[in-house]
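K.L.:
First the structure, which I've put down as structure tokens, then a few questions once you've had a look.
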Amino acid sequence: MAKFGKKYLEAAKLVDKNTVYSINEAVELAKKACFTKFDSSVEVSFRLNVDPRHADQQIRGAIVLPHGTGRSQKVCVIATGDKEKEALDAGAEYAGGKELLDKIAKGFFDFDVIIATPNMMGELGKLGRLLGPKGLMPNPKTGTVTMDVAKAVEDVKKGKVEYRVDKEGNINVLIGKVSFDSDKLVDNFNAIKDVIVKARPAAVKGTYIKNLTISTTMGPGIKVN
Numbered sequence: 104m105a106k107f108g109k110k111y112l113e114a115a116k117l118v119d120k121n122t123v124y125s126i127n128e129a130v131e132l133a134k135k136a137c138f139t140k141f142d143s144s145v146e147v148s149f150r151l152n153v154d155p156r157h158a159d160q161q162i163r164g165a166i167v168l169p170h171g172t173g174r175s176q177k178v179c180v181i182a183t184g185d186k187e188k189e190a191l192d193a194g195a196e197y198a199g200g201k202e203l204l205d206k207i208a209k210g211f212f213d214f215d216v217i218i219a220t221p222n223m224m225g226e227l228g229k230l231g232r233l234l235g236p237k238g239l240m241p242n243p244k245t246g247t248v249t250m251d252v253a254k255a256v257e258d259v260k261k262g263k264v265e266y267r268v269d270k271e272g273n274i275n276v277l278i279g280k281v282s283f284d285s286d287k288l289v290d291n292f293n294a295i296k297d298v299i300v301k302a303r304p305a306a307v308k309g310t311y312i313k314n315l316t317i318s319t320t321m322g323p324g325i326k327v328n
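Numbering (my numbering), first residue to last: 104 to 328.
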């Protein structure tokens with residue numbers, strides 16, 4: 104059985120496990136139950152009635168949250184020529200072609216997101232075994248394979264989050280920090296919830312969202328209506 108620390112147990116007492124809270128109540132409670140000394144992240148977790156083994160039930164995409172995530176992300180763009188300059192002008196930390204790929208192949212990972220132009224995906228694909236497990240492989244569905252590298256970089260910097268259903272049918276998404284005003288967290292929550300609702304596969308019968316919780320780093324999960 105998992106052992107919880109004293110602070111977690113104190114925080115957990117604030118949350119009634121049998122109650123399903125409104126999003127406004129849940130956000131207030133999450134902030135109140137947060138006990139870390141640092142500015143904790145706030146996450147939302149969806150338990151969906153989907154079977155990701157079927158291609159038409161693999162839910163994946165990205166959204167720029169209305170109020171960002173509160174987290175700064177380092178961006179690496181794999182592109183050449185004008186696109187390399189465009190990426191750097193838009194605020195990418197790194198941009199380049201073969202020389203940058205060689206650097207990554209040797210273990211350079213001082214970035215959080217990779218964006219690539221379609222013509223570079225053949226070269227980038229050779230690093231699939233290295234990038235795949237780290238969740239760094241660009242994908243057209245999340246807007247990270249594109250010719251419009253400037254917009255892609257700007258979106259990441261504004262607070263774009265990716266969402267993807269795992270093997271168990273769960274999606275976990277960052278919606279901000281505990282220091283955010285409650286209404287901003289609620290806005291961000293509603294933005295991601297609307298996207299997930301719209302992504303409902305036609306094959307799903309009955310209840311689509313089986314469970315919905317929000318939590319802070321190391322904090323208890325709070326069920327949301």
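For glycine and all other residues, C-beta sits at the position ideal for the given N, C-alpha and C.
Predicted model only: the values in this text are computed from it and were never measured.
#1: I'd like to know whether the C-beta atoms of residue 124 and residue 291 end up nearer to each other than 9 angstroms.
#2: Whole angstroms are fine: how far does the CA of residue 247 sit from the CA of residue 119?
#3: Touching or not, the segment 159–172 and the segment 261–277, by the rule of three or more beta carbon pairs under 8 angstroms?
#4: When you compare the CB positions of residue 253 and residue 162, do they come within less than 9 angstroms of one another, or not?
#5: In whole angstroms, what is the alpha-carbon distance linking residue 230 and residue 208?
#6: In chain order, what residues of the same chain have a beta carbon less than 6 angstroms from the beta carbon of residue 191, not counting five sequence neighbours either side?
#7: Starting from residue 242, trace the alpha helix (DSSP H) in both directions and tell me its first and last residue.
#8: Give a yes or no on contact between the segment 130–146 and the segment 252–270, applying the rule of three or more CB pairs nearer than 8 angstroms.
#9: Between the beta-carbon of residue 151 and the beta-carbon of residue 225, is there less than 9 angstroms?
P.N.:
A quick look at the data gives this:
#1: In the sequence shown, counting from the first residue as 1, residue 124 sits at position 21. In the sequence shown, counting from the first residue as 1, residue 291 sits at position 188. Against a cut-off of 9 angstroms, the Cβ pair of residue 291 and residue 124 comes out as no contact.
#2: One-based indexing of the sequence shown puts residue 119 at position 16. One-based indexing of the sequence shown puts residue 247 at position 144. Distance between residue 119 and residue 247, taken at the CA atoms: about 40 angstroms.
#3: yes
#4: One-based indexing of the sequence shown puts residue 253 at position 150. One-based indexing of the sequence shown puts residue 162 at position 59. Not a contact, by the Cβ cut-off of 9 angstroms.
#5: As a first step, residue 230 is located in the sequence shown; it is residue number 127 there, counting from the start. As a first step, residue 208 is located in the sequence shown; it is residue number 105 there, counting from the start. One C-alpha to the other measures close to 7 angstroms.
#6: As a position in the sequence shown, residue 191 is number 88, starting the count at 1. Cβ within range, chain order: 198.
#7: To locate residue 242, count along the sequence shown from 1; it is residue 139. Going by DSSP, residue 242 is part of no alpha helix (DSSP H) at all; its letter is neither H nor E.
#8: no
#9: Residue 151 sits at position 48 when you count from the first residue of the sequence shown. Residue 225 sits at position 122 when you count from the first residue of the sequence shown. Cβ atoms of residue 151 and residue 225: not closer than 9 angstroms.
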